[in-house]
Structure formats: C-alpha cells, structure tokens
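Have a look at the structure below, then the notes.
There are 4 protein chains.
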Amino acid sequence: MIVNMKRAASEEEINHVIERIKECGFQAHVVRGEERTIIGAVGSSGRRSEIEALRAAPGVAEVIQISHPFKLVSRQLRKEHTVVNVGNKKIGDGSLVIIAGPCSVESREPYDFQGLGVEALRFLEEASKETGLPIVTEVMSEADVEVVSEYAHMLQVGARNMQNFSLLRKLATVKKPILLKRGPSATVKEWLLAAEYLLAGGNHDVVLCERGIKTFETATRNTLDLAAVALVKELSHLPVLADPSHGTGLRSLIVPMSKAAAAVGADGLIVEVHPCPERALSDGPQSLDLPGFETLMKELGREPVRDVKAA
Amino acid sequence: MIVNMKRAASEEEINHVIERIKECGFQAHVVRGEERTIIGAVGSSGRRSEIEALRAAPGVAEVIQISHPFKLVSRQLRKEHTVVNVGNKKIGDGSLVIIAGPCSVESREPYDFQGLGVEALRFLEEASKETGLPIVTEVMSEADVEVVSEYAHMLQVGARNMQNFSLLRKLATVKKPILLKRGPSATVKEWLLAAEYLLAGGNHDVVLCERGIKTFETATRNTLDLAAVALVKELSHLPVLADPSHGTGLRSLIVPMSKAAAAVGADGLIVEVHPCPERALSDGPQSLDLPGFETLMKELGREPVRDVKAA
Amino acid sequence: MIVNMKRAASEEEINHVIERIKECGFQAHVVRGEERTIIGAVGSSGRRSEIEALRAAPGVAEVIQISHPFKLVSRQLRKEHTVVNVGNKKIGDGSLVIIAGPCSVESREPYDFQGLGVEALRFLEEASKETGLPIVTEVMSEADVEVVSEYAHMLQVGARNMQNFSLLRKLATVKKPILLKRGPSATVKEWLLAAEYLLAGGNHDVVLCERGIKTFETATRNTLDLAAVALVKELSHLPVLADPSHGTGLRSLIVPMSKAAAAVGADGLIVEVHPCPERALSDGPQSLDLPGFETLMKELGREPVRDVKAA
Amino acid sequence: MIVNMKRAASEEEINHVIERIKECGFQAHVVRGEERTIIGAVGSSGRRSEIEALRAAPGVAEVIQISHPFKLVSRQLRKEHTVVNVGNKKIGDGSLVIIAGPCSVESREPYDFQGLGVEALRFLEEASKETGLPIVTEVMSEADVEVVSEYAHMLQVGARNMQNFSLLRKLATVKKPILLKRGPSATVKEWLLAAEYLLAGGNHDVVLCERGIKTFETATRNTLDLAAVALVKELSHLPVLADPSHGTGLRSLIVPMSKAAAAVGADGLIVEVHPCPERALSDGPQSLDLPGFETLMKELGREPVRDVKAA
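Residue numbers (this note's numbering), protein chains in the order written: chain A, 25 to 335; chain B, 25 to 335; chain C, 25 to 335; chain D, 25 to 335.
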C-alpha cells in the first residue's frame, strides 16, 4: 500500500506515518518528490486494515491499495478453472450450462414462506427426481439455509443479499455449492470480495452470476455488464454465469444477450421460463414462454435440455 | 393503472386485456387514439399485481402505474408528521436530532459477533445509563433481532439490508423503532416501499435515513441525495435523517453537508465520531474527532449534546 | 399523451387541462377513477410540447408519453434495414464491418488543429488511396465540418458531442454519412432523438455506435451496454456499431467483447489499433497492437481486412 | 506518478519502465515489495502524459496519479477566493448571488437561432438597461461566441457542452466571464479540468455551476450533488453556484434545495422563473412563478432582487 501525503504535510506528520507503518508490521519506503512525499508500506504479513485507517491521520491525502484485496478467488493463487458439481451437472468445465425455470414456485404465499416454502421445496425435489435435473433455489434468510440445503443442489444468493454477510457466513459452512449473484450496485471488486468471504469460510464451490447493474438507463430494467463477465474470468478461477432475464427485463432481448454472453465466455445462463408469462406471479415480462425457450436453445445451437430452477 | 397497447395490437389482443382487467376486479376504460389504444384499469379494490403481469401479454407495450404503490407511509393517508419516540428523545417533532458515535463497538471480533455482540450491547447499555442517552445500533441478522431489541432504543437496518425482506418482516413485529437506511442503489420509491413493508407488518415507528447513493462520482464515497430528503418529506409523514459521514466519506465535508441537511428539512443527523479516527476499526476517514464534533455543534447553533450510537 | 391529475385536483383544474388539450389540437378523453382522474390527449396532429408543459399546470401530477418521441429513425416508419455506403463499403447489409486504427493522427498538436488538421486529413487521404479503404474521422467543431467532409468518407460525432445540436444541425446538411456515438450519459431514447435530429435535417445516412456508458463501475473505463445494441436494432432501422476499446478501456477485453457484440447483432466494430500502444498519444491501454489485431480477426473468423480510421 | 507493476513482471519489463520514466524527464524510485514492484516517477517538469501511456507497456498493472491534474484552478496555487465581476455584480465575494429568469427567450424559433438570436440578445440588452441588472446567456456554438459576448455580461457553457473543447478554446480568449455548468456525467475532476482549460487559455473569470448529475434515481430529473459544491470550494479558488431547477426538475424542491445550497457554501443560485410556467416553451415544471420566486427570496432572508437570465 502507498500512503500519499498532502503537499503541506509536516516532517512530524510524515514521521508519524512512517512509525505507524512499522508498528503495523510493514517496512516503510519513503519517496520524496519535489511537490509531495509518498510512503510505501512493503510486506505481506502486516495489518492492512490499520494502514487503511491512516487515511484519517493528519497530513495524509490518501491511501492507495496496489494489490487486489482478494486472494482465494484470484487466478494468481490458482491458475486452473474451478469446476463446480451441481447434482449430476458440471459448471465451469468449458460447456455452456442452461439453468431455466420460473422465478418463484407459484403457490407459495409471500408472507408465509416457512410453511409453504418446504412444500415448494418438496415439489422441486419431486420435479428433480422425475426429470433427473438438479435444482437451484434462492435462500433469502439464514433461518432457511438448513432446510433449503437439504433439498436443493445449489443455493442461490440473490442480488439484494450479495453483501448480507450474516447469510454468507452461514452459507460458507454448508456442503452445497453457492450461486452468488452480483448486487445491483456492486463493483466487480466488491462482488469478488463477497465470493472471497465464502471461500475464506470454507465453501470453495462458488459460482458467480452477472445479472445487471443499476444505471441511469431505464429502457432496460438493468444494464447487463458482459465486460464484467470477461473481466471476472480473467481475475478469478471461479465460473461465471449471466442472467439475461433480470439483466434486461425484456423478453425480446433474452435471445441476443444469451448469445452475447456465450460469446464473451460465460460458463452458463440463467433464464426465466414460464408456461404463461402473463399470469406469472413475478417477472413475466422478462420470461420466455416454452416456444421462446425452444428458440433460444436452437439459436445457441443446442438440443433442448431442461434444468429446473426456482428462486 | 394504464395498459398501453402496441400500435400493431389486434382487436383480439385488446379484448383479451379488457377481459383480464375485469377478471382482476377493475373497470376497463378504453381510449382509442389514431395511432394506438390505451386501456385504463379503474378501481381501488382490484388485484394490482395481476394487472402489472399483463406487461407480458401479447400486444401490450407497457403497463403504467399512475398511483404511488405505497399507501401507509404516504402523506395522502396521514397529513400530520409522525413523531417517533426513541428512549427519552423525539424524532420528527420539528427539532434537529443529532445521533453520534463510532460505527462499531471496537473490541468485538468481526467473525464472532454473537458472543462479544452481547457484551458490546451491555457496554452500550451501561453508557446509556451513565449519560441518559438512548442507543441506536444496527441489527444485521434476523437471529440478532431479539437480543438487540432488548438493549437498544432504536434498531438500525443498514443500507445493504434495506431490501432484506426476511429481516424487515421480523423487525415489523418488534416493539422498538426502526431506523431504515436507504440502500446505495435504491430509488426513493423502493425505499418508501421498504418502509411500507414495516408499517404493513405492524411497526409504525419508522425513521428513514438518507446515506448517499452509488453514482459514477468517485471523489466522494457516495452521493448524498439531499433532494431525496426534501422529496420524502413531501411524499411521506415519516421522519427523515441524513448521514453526511457515509454520504460523503470525507471528514471535511461533514460540517457543510450537515448544515445543508438541516436547511433542506432533515429531522436529524447521524454522524460518525471517534476519539482517534486514525485508529478507528472502520470509517475513520469519515469520522469527526471530538474537537471536530464540537465545531459541528457550534456551526449548527447548538449546545453540544451527546447521543450514543453504535452500528 | 396522458395527463395524470393529482388526487386533490379540483374540477376547475381538471376542466382547465381539458380545455388546454383541445386548444393544442387534441381530443380529450377523461377517465375518472375512484382515487384520481386521468385525461388522455388523443390525436396525431396536435402540439405535443405544449401538452408536456401542462406538467407545470395546477392540479397536474405528471404527463406521461405513451408514444416514442422519435419517428424518422423508427422501425415503425421503415421496416427494412438502412444500409449506409461508406466509400466502397456497406454498413448494415448483414455483414460485420471492422473499423480500426489509432484514435489520433499523431503528429498534430492538440492546440493547433486547424493547420495540422488539414495536413492530417491529407495523410489520411493518401493512406486511403494506397489501401483502397475508406476513412472515418471525428469532427469536433462546426468550423471543421466543411474541410473534414472534403476528405473523409464518414464523419464521426464523438460521444461528448452527441447533444451538441449546433454541430448536428450542420452535419444534417452534409452529403456524407455520419457516425453518431452514444453519449456517456445518454439514454437509448436520447441517442435516437439525436439521430432523429440528423434525419429531420435531411441526412439519412446515419450509423449509430455504442461506446459505453458512465456507471459506478470503475474496473472498466465505461460499461459497454450491449443490450442497447440489441434494443436499438429492434426500435430503429439504422445500423449500429460497438466500440469495445472505449467501451471497456482494457486491451484484454477487446477480443471477448468484440465477439459478444457480433453475437448480439451489431453491424460492425470500431477498434483502436496502434503499432506501439505504450507510445500512443492517447488511448494506448485500450489499443490492440498489430499481432493483437490479427488475433481479433482470427477470433471473429475473418481474414484480416484493414480499414483505416482516425478520430 | 506511480507505476504499479504486475506481480509477474520480469526484470526486463521493470527496467524498460525505469528507462522510459527517465526519458520522460522524471527520476525513477523503485520500491520492491515481496509480491510486486512499484516505481515512482518523481519530478515536476517531466512529460506526464507519456508516463500515463506506460499503462500500455508490458508488465504494467496500472499507473496511479498522486497529484491532481489541474493546477491553475487549484487552491494550492491561489489561496484567496476568486471574485468575478459580472456587470455591476460580484460573484464569490461571500454574498449569495441570485440569477433568475426563463431558460429561453421565448419568441425565437428553435431552428433559426442566428436571426432571432440577435433579436433576443437585443431584447435582453434592453431589459438590462431598464433594470440595471447584468445578463447571463448561454452560448451553444463557436459561431455565436462573438455576437453573444457583445451583449451579455457573462457567457454560459451549458452542461452538454462542458467538454466541447472547441467551444472552450474560443471562450478562453473572450473578455467576458464564463459560467461553466457541470456536465451530467462529469466527475468533479473532469469539471475542474474543463475550467483549467479556460484558465490555461487566458480567461481567469470562471464561475462554476453544479446542476445535477445523471444517476439511477428518476424521481428527480437529476441528482443535485451539493457535496460537490463543498468539495470544489475546498479544492479550487473559483466561485461555485448551484442550479436547483435543473438539479431537481421539480418546482416544489427549489426552495428547500436553494436553502441547502446556501448552507453548504454556494456563492449563488440559478433559478428558473417564468410568469406562466405551464406555457413556458421549456422547463416549466422546474420553474417558479413570480409568487414562488417571492417566497424563495423570503426563505433566503432576502429582499427580492431581480437579475435577468436567459439560456
């Protein structure tokens, strides 16, 4: 890390920063320019967060991080791709996985999830047995982690919970893979830090999912950031999916954006599909109907494969 | 609500929408223009979410809401300001409340909140008894709601949890006031809907807090949206605070933005204060030290009052 | 258009709006709901901007547009794709056009464009004659329109000038095609309105180019909005390019995002290429070197074709 | 500046960067950490843009600027506030200046500015003579600079032209003060760089104006960034105004946001005022009528003073 001193910083302030850097377990390298002084904190075993706090010390203009704050998810640590097993399917092995289904199991009452929730999970389990397909479902509360992980093959963390660290801490201890959606206002760095949290807690089976970020554009529900998919593939060994349904909010854009996501290197897609979108309890306008899903599969050059998803 | 049909919509598609509107409990008013047809769904007792789902029906261009989707928080429902009692203090009575303190109780270990959490709460309780000041503290997990509500006078929902509906549902049943921070990517409408959720669940003692939204500007940590404070005061009867510490991330902007928040009509401020910001475990650069807090109080034309906060 | 009255609107206010709608050349359709009244302004020959101004009238909550404000660029007006001839090349005929080159002609002095500008244009003309490739170059000022249109085969409007209506007005009268880049904070609607302005002024040879929008994400220079490419192809008959160099700012993302742009349906790409990016006067980090460009062409399944661009 | 090398950078790549730094007129200070090497470029007379271009060199992770790129507008260069004389008024002397009026002179035809433009300017001149008030008016095109500067006391650069460098270059040579509005997607740094451009070209009479930035929030037309006003007052010696009309787009927010702008330290306000907002040719919904303007003046503790503005 680099501590960039203000131009007007006094010798005393500079010396104070140097001492604090040493106290925190780093070496201090001072570079005195004509206009200002910068101080490098060198070493890998010091207490980084205390150096960051020096931003609040007198005479300090800013503290600049020069390493990525994430380690375990980083491709520097692990060169090969992580492949995550979800039931009898693999994500991250170079093929394009399609996860499809309605966003909610539709008979549950929104205010009474606990009860009907389990019923819904049983329905999904049944569907899974019938079709041989694994199930992905969202877990919205710590209290539900246990029961959902009994039934589902992969647990989804919704975009709004990406930084719900209580939930992440619990999911880090579960023996099921986690699908971590990017928060609508999360930077790539914050997203990877949330994944780091899961790995640091012991769960290495993490699949990322880009689902659009919040921008000023209102013609689409969100702005699907496909460059983030390519960037995460470069920075991390974890598999990355794209969700063109939430990412655009418009049915007519699902096929072109699915093809773009495949081209950019995504490991798979999550697509909303509903037998009758206009009667869907949620997200109808961004759902494909069954013929639409057939078209998508054809455009992707695929035989229709049915995976079951409910979130 | 208004259903705006596509220009190319067929008579059959128009009639289908009219029938669905009636099925959902509304009257249908059809306005046929030269270029396109719009259909108003009139009535107050129909099933609105089913009309929204018509966006997915064939021939429909868009469904436009013409009423606000929130009711209980709305000033239309309740003309007078809501005043929330927090211990022996009032928020929303026309005075400017100052909530100040460090962001974390500093001896707790980040990965072991449960244990030291209670200890921290006891420490806060002690501080409260000594000073006579009420306590506000954040609750980050449903599992903590019960214990935190035993000790704190007001429970804070952090910005990242604003749409954690499991947590909101639990907090709606608690007999303590809730401080609901705006999410970094939440619109004013989404923020008021989250508050509506608390009121609908039975807790009417809700205080809102603007703490900055995520924008492209990086010179400040967030963009403190003071127009949102004024707008919420117009739309809702609930009190609204502003948080210039998180809202700007820069200590030097706390005083001017606090004065601006007071001028725009905020009911109070939340300000990070720490005896030694450069050693704060979090948020030092956006914390005032004690002389800085004295200056703030003076600039606001106030006698220094100490309220205690930890989140 | 629909005028949505406030709940508290008086009969007098409602009647005033009805009269104004008629004065402006529309029919007024009144729909009285239980809670509020809405008034549709029906007709295609009235003065729309005066209806919009009714937002400022007493008792009015909002004025809602239900038609797109653009006509000439709209696919409703013209079903077939527009094909634009640029020298001996076609854009919009279903093939993928690659425009490549450095962002600036490098010997010009930034503060003395007029003089060396013409020299640069002559250099480009020479290059064009030698290679048989057409030239695209940016025009940054009305004063330059005439001279640039003598030399270039297509004139580019840079992102920062997308809403420079003085410049657009002049370009509308030129007999050369225009490449209209999307502004970094322009919605799709605003972008199409800027194109509409060119067509309304008499220039129908307009090519659009998505080059990234400004969002909170800082890992990439901009957020390349590929859904906007697909959406514009749906809404308009004009061809659309994508610029993965400016769109991401990162050389390593140019190849994957180019492939994604091709997959989403873009009519072509604009890519920065420089023989020695680290010595480029501008935009080096987002430029391919020549071997990188070879790789791009190979990944797109193409024989390397050299088009020359300077902007 | 600091060049942050990739972890995997070779000795050869490091040496190449060191040599280039020296070639560009800086001293190179190398700090070798356990994980990576950083190289400081020290000196004030080197060619900075060439160091920035090293981002494109092999082995380089990033180039970090540690000084602000602007000098002339900086408070480091000039400690005292700049006071700008606009006719017989002063901006920046500690008082709050109010600029008010309609956004357009209303009889001009939008497509024929040149002719009626001069007529409009004559009308403004007449109004100025009658009232003794100076005139501010927008100049949208280089071609208009000369004629507008004959009539107006201050020339406004609209938000969409903030980075129209051809226009700025011309305005830098004019002997009239410039009002530089912040672009809707411009960072504070980009805004100050645009002002730097005017000062570097010879015009030191620059007044800045915050008018809202584009964010995801749609309840207001823009997000008025009052923290930017406070920050610019800290970073620069130039005066700063706020525009609550464009900044919010909502008449009811003009008074509270004006008071907030005054409290945060703005040197003045620009407010849309129109005798009959519902018939205004533009921006009616964000305009005060005359009684509304009286209220504003009263709320600001002022005698009504009429300044005339047209933009």
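For every residue, glycine included, the Cβ atom is placed at its ideal position computed from N, Cα and C. As the structure is a computational prediction, the values presented were derived from the model and not from experiment.
Check	Outcome
For a test of the three-state rule: what should DSSP assign to Gln336 of chain C, helix, strand or coil?	In this structure chain C extends from 25 to 335, so residue 336 of chain C is not present and cannot be described.
Quick check: the Cα distance between Ala290 of chain D and Lys257 of chain D, rounded to an integer number of angstroms?	8 Å
Output the distance between the C-alpha atoms of Gly156 of chain A and Val110 of chain A, rounded to the nearest integer angstrom.	12 Å
Measuring CB atoms only, is the stretch 239-248 of chain D touching the stretch 214-222 of chain D, in the sense that at least three cross pairs come out at less than 8 Å?	no
Which residues, in order along the stretch 61-79 of chain B, keep a beta-carbon less than 7 Å from a beta-carbon of chain A?	Ala77, Leu78, Arg79
Does any residue of chain C bring its CB to less than 7 Å from the CB of Gln138 of chain D?	Because Gln138 of chain D sits at a pLDDT of 42, beneath the cut-off of 50, its placement in the model cannot be relied upon, and the point is left open.
In whole angstroms, give me the CA-to-CA distance for Val55 of chain C and Val253 of chain B.	33 Å
For Val119 of chain D and Ser152 of chain D, what's the separation of their Cα atoms in angstroms?	Sequence inspection shows Ser at residue 119 of chain D; the Val mentioned does not correspond to that position. Spanning the two alpha carbons is a distance of roughly 21 Å.
Are the C-beta atoms of Gly273 of chain B and some chain D residue less than 7 Å apart?	no
I'd like to know if Ile45 of chain A contacts chain D, where contact means its C-beta is closer than 7 Å to some C-beta of that chain.	no
Between which two residues does the beta strand (DSSP E) carrying Ala218 of chain C extend?	Unbroken run through Ala218 of chain C is the alpha helix (DSSP H), 212-224; no beta strand (DSSP E).
When the cut-off is 7 Å and only beta carbons count, does Arg132 of chain C lie next to chain D?	Bear in mind that a pLDDT of 39 at Arg132 of chain C, under 50, signals an unreliable position, so the model cannot answer this.
Relative to the C-alpha of Ile42 of chain C, which candidate in C:Glu74, C:Glu58, C:Glu59 has its C-alpha closest?	C:Glu74
Quick one: residues in its chain with C-beta nearer than 8 Å to the C-beta of Val66 of chain C, no 5 flanking neighbours on either side, listed in chain order?	Phe50, Gln51, Ala52, His53
Find the residues of chain D that neighbour Ala266 of chain B, judging by a C-beta separation of less than 9 Å, and give them in chain order.	Neighbours of Ala266 of chain B on chain D: none; closest Cβ ~10 Å, over 9 Å.
For Gly64 of chain A, list the residues DSSP reports as bridge partners.	A:Ile26, A:His53
Using the Cα positions of Ser19 of chain D and Ala124 of chain B, report the straight-line distance between them to the nearest angstrom.	With chain D covering 25 to 335 only, the question about residue 19 of chain D has no answer from this structure.
Hey, how far is the Cα of Ala243 of chain A from the Cα of Val87 of chain C?	18 Å
Would you identify the three-state DSSP class for Glu143 of chain C, choosing helix, strand or coil?	helix
Of all the options A:Gln100, A:Val169, A:Glu214, A:Leu96, which has the alpha carbon lying nearest to the alpha carbon of Ile202 of chain A?	A:Val169
Select from the stretch 152-165 of chain A all residues with a C-beta closer than 7 Å to any C-beta belonging to chain B, and list them in chain order.	Met164, Ser165
Just the C-alpha distance for Arg99 of chain A and Leu259 of chain A, rounded to the nearest angstrom, thanks.	6 Å
Could you give the DSSP three-state label for Ile294 of chain D: helix, strand or coil?	strand
Are the beta-carbon atoms belonging to Asp267 of chain D and Ile294 of chain D less than 7 Å from one another?	yes
Using the C-alpha atoms, what's the distance from Val27 of chain C back to Gly70 of chain C?	15 Å
Under a three-way DSSP split, which group does Ile202 of chain B fall into?	strand
Among the candidates B:Glu76, B:Arg60, B:Lys200, whose CA atom is the shortest distance from the CA of Val160 of chain B?	B:Lys200
What's the C-alpha gap between Ile62 of chain D and Met29 of chain D?	6 Å
What whole-angstrom Cβ distance do Ile115 of chain D and Pro280 of chain D have, given they're in contact under 8 Å?	Not really, about 23 Å apart at Cβ, beyond 8 Å.
Roughly how many angstroms lie between the CA atoms of Glu58 of chain A and Phe240 of chain C, to the nearest whole one?	34 Å
Output, in sequence order along the chain, the residues in the stretch 223-242 of chain D whose CB is closer than 7 Å to any CB in chain C.	Lys238
With 16 as the cutoff for other CB atoms within 10 Å, does Asn39 of chain B come out buried or exposed?	exposed
Comparing the C-beta of Ile42 of chain C with each C-beta of chain B, is any distance below 7 Å?	no
Using the three-state DSSP reduction, which class does Ala259 of chain D fall into: helix, strand or coil?	In the sequence as displayed, the identity of residue 259 of chain D is Leu instead of Ala. Leu259 of chain D: helix per DSSP, three-state reduction.
What do you reckon, are the CB atoms on Gln180 of chain D and Glu162 of chain D nearer than 7 Å?	yes
Hey, how far is the Cα of Leu314 of chain C from the Cα of His298 of chain C?	7 Å
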